[in-house]
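Numbering (my numbering), first residue to last: 4 to 74.
Quick reminder that beta carbons are idealized off the backbone N, C-alpha and C, glycines included.
Right, one structure below, let's go through it.
Written as structure tokens, this is what we have:
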């Protein structure tokens, strides 16, 4: 688990607790804002990477021949 995932899990836990507390106090606007934070944190934790790592043999700058004007 990466450091970023650790931080996202902490954010999710704290925001979820805040949602529960705000709902108990009938502070629906605050609860909705923190619920949105929970949704974003879950999306980052559970969704597949938008940009998966490149396969071996390809540089970070692009594949072989990137930047060429002719084949």
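Considering only heavy atoms of the ligand SAH, does any lie closer than 6 Å to the CB of residue i?
i	result
residue 31	No copy of the ligand SAH appears in this structure; indeed no ligand is present at all.
Look at the alpha carbon of residue i and the alpha carbon of residue j, and state the distance between them as a whole number of angstroms.
i	j	result
residue 26	residue 33	8 Å
residue 56	residue 28	45 Å
residue 30	residue 52	34 Å
residue 17	residue 58	37 Å
residue 7	residue 15	12 Å
residue 35	residue 54	30 Å
Verify whether the separation of the beta carbon atoms of residue i and residue j is less than 7 Å.
i	j	result
residue 5	residue 41	no
residue 39	residue 22	no
For this session: Say whether the segment 8-21 touches the segment 38-51, bearing in mind that this needs 3 or more beta-carbon pairs closer than 8 Å, one atom from each stretch.
Result: yes
Problem set entry | Continuous alpha helix (DSSP H) assignments of at least 4 residues falling wholly in the segment 8-67 | 31-49
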